[in-house]
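Residue numbers (the numbering used here), protein chains in the order written: chain A, 231 to 344; chain B, 596 to 708.
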């Protein structure tokens, strides 16, 4: 299973943009880049995913490097409710032959400072 | 939709006892995953099913762990006998298709004393 590397923790001031990095140098051509976040005492929550192009939704933006070996989750204006653990994972796509073993690891703990 | 439903939310049991965790996935989802979360190892995949069939159980730590999915709307994770090192939060997740996002349940916090 392809691995990702994230910083253990990051800090951001409230109402400022946050850029959460993820390295995935062993990504294969059929892997989708997914981001999830986990609030305290809750299960992980889907945030966004993409394959090659940058993606935007109401929660965040996903910027994918041209070589796909790294990506960045962008929260445009951090709020206190964004304080959570953020996970970057690689999920095999439909052309991968069905293999779906994905481990989330430790993730990045984001602290938002008022 | 009520989302992925797990029960119980909390379980405290004595070492050596059998523990059964339950999961109801979102209707229509064809993948179901069982994860275990600890401070040291983060979220680890234990086993996953596709169309009710177990596909990869290489993450199951020992023979004491077993999982079943008798139908598309129900899955169980059983630990027999339980040990203190099994204490963790166990999550169930389901997905509609390989490229889509996972939907996680709220988890079961297991404490084995």
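Where a beta carbon is used, it is the ideal one built from N, C-alpha and C, also for glycine.
Backbone CA spacing between residue i and residue j [nearest angstrom]
i	j	result
residue 691/B	residue 334/A	19 angstroms
residue 672/B	residue 613/B	11 angstroms
residue 342/A	residue 313/A	6 angstroms
residue 625/B	residue 338/A	29 angstroms
residue 601/B	residue 616/B	8 angstroms
residue 700/B	residue 255/A	30 angstroms
residue 580/B	residue 233/A	With chain B represented from 596 up to 708, any question about residue 580/B goes unanswered, as that position is not in the structure.
residue 246/A	residue 664/B	45 angstroms
residue 275/A	residue 680/B	26 angstroms
residue 330/A	residue 310/A	33 angstroms
residue 670/B	residue 597/B	16 angstroms
residue 250/A	residue 705/B	31 angstroms
residue 642/B	residue 604/B	20 angstroms
residue 656/B	residue 269/A	26 angstroms
residue 627/B	residue 634/B	23 angstroms
residue 285/A	residue 291/A	6 angstroms
residue 702/B	residue 662/B	16 angstroms
residue 636/B	residue 332/A	14 angstroms
Top-ranked residue by Cα proximity to residue i, from the options
i	options	result
residue 632/B	336/A, 248/A, 341/A	336/A
residue 622/B	702/B, 639/B, 640/B, 688/B	688/B
residue 677/B	686/B, 648/B, 684/B, 708/B	708/B
residue 629/B	636/B, 654/B, 605/B, 597/B	654/B
residue 696/B	301/A, 272/A, 267/A	267/A
residue 639/B	675/B, 684/B, 661/B, 603/B	684/B
residue 259/A	323/A, 330/A, 237/A, 294/A	323/A
residue 297/A	276/A, 237/A, 261/A	261/A
residue 302/A	241/A, 309/A, 278/A	278/A
residue 644/B	635/B, 634/B, 667/B, 682/B	667/B
residue 659/B	597/B, 604/B, 610/B, 603/B	610/B
residue 283/A	289/A, 273/A, 295/A	295/A
residue 599/B	608/B, 618/B, 605/B, 607/B	618/B
residue 289/A	281/A, 248/A, 321/A	248/A
residue 646/B	620/B, 637/B, 682/B	620/B
residue 607/B	682/B, 675/B, 637/B, 702/B	682/B
residue 306/A	264/A, 265/A, 287/A	287/A
residue 264/A	293/A, 273/A, 272/A	293/A
residue 698/B	304/A, 273/A, 308/A	273/A
residue 321/A	257/A, 235/A, 308/A	257/A
Assumed close pair residue i, residue j - CB separation to whole angstroms, cut-off 8 angstroms
i	j	result
residue 241/A	residue 344/A	No, residue 241/A and residue 344/A are not in contact; Cβ-Cβ is about 12 angstroms, not under 8 angstroms.
residue 300/A	residue 238/A	About 17 angstroms; that fails the 8 angstroms criterion.
residue 316/A	residue 340/A	6 angstroms
- prompt: Can you list the beta strand (DSSP E) stretches of 3 or more residues lying completely in the segment 268-293 of chain A, in chain order?
  reply: Listed in chain order, the complete beta strand (DSSP E) runs (minimum 3 residues) inside the segment 268-293 of chain A are 275-280.
task: May I have a chain-ordered list of the beta strand (DSSP E) segments no shorter than 3 residues that lie completely inside the segment 629-653 of chain B?
output: If we require 3 residues or more, the beta strand (DSSP E) runs fully inside the segment 629-653 of chain B come out as 637-645, 648-651.
query: What are the residues of the segment 255-276 of chain A that lie near chain B, defined by any Cβ-Cβ distance shorter than 8 angstroms?
result: Of all residues in the segment 255-276 of chain A, only 262, 264, 266, 272, 273, 274, 275, 276 come within less than 8 angstroms of chain B when Cβ atoms are compared, listed by chain position.
query: Taking a cut of 8 angstroms between CB atoms, which residues from the segment 310-337 of chain A lie near chain B?
result: If the cut-off is 8 angstroms between Cβ atoms, the segment 310-337 of chain A has 317, 321, 322, 323, 324, 326, 328, 329, 330, 331, 332, 333, 334, 335, 336, 337 near chain B.
query: Using a Cβ cut-off of 8 angstroms, which residues of the segment 282-310 of chain A contact any Cβ in chain B, in chain order?
result: Within the segment 282-310 of chain A, no residue has a Cβ lying closer than 8 angstroms to any Cβ of chain B.
- prompt: Along the segment 685-703 of chain B, what residues have a CB closer than 9 angstroms to any CB found in chain A?
  reply: Flagged, chain order: 686, 687, 688, 690, 692, 693, 694, 695, 696, 697, 698, 699, 700, 701, 702.
field: Proximal residues, the segment 637-661 of chain B versus chain A, C-beta separation under 8 angstroms
entry: Those residues of the segment 637-661 of chain B that come within reach of chain A (Cβ to Cβ, closer than 8 angstroms) are 637, 638, 639, 640, 643, 645, 650, 651, 653, 654.
message: My parser needs the beta strand (DSSP E) runs of 3 or more residues fully inside the segment 294-339 of chain A; what are they?
response: Scanning the segment 294-339 of chain A for uninterrupted beta strand (DSSP E) segments of 3 residues or longer gives 300-305, 314-322, listed from N- to C-terminal end.
task: Pick out the complete beta strand (DSSP E) segments inside the segment 657-696 of chain B, 3 residues or longer, and give them in chain order.
output: Qualifying beta strand (DSSP E) stretches, in chain order: 660-666, 669-674, 683-690.
field: Those runs of the beta strand (DSSP E) which lie wholly inside the segment 231-271 of chain A and span at least 3 residues
entry: Residue ranges of uninterrupted beta strand (DSSP E) with 3 or more members, entirely inside the segment 231-271 of chain A and ordered along the chain, are 239-243, 248-253, 261-268.
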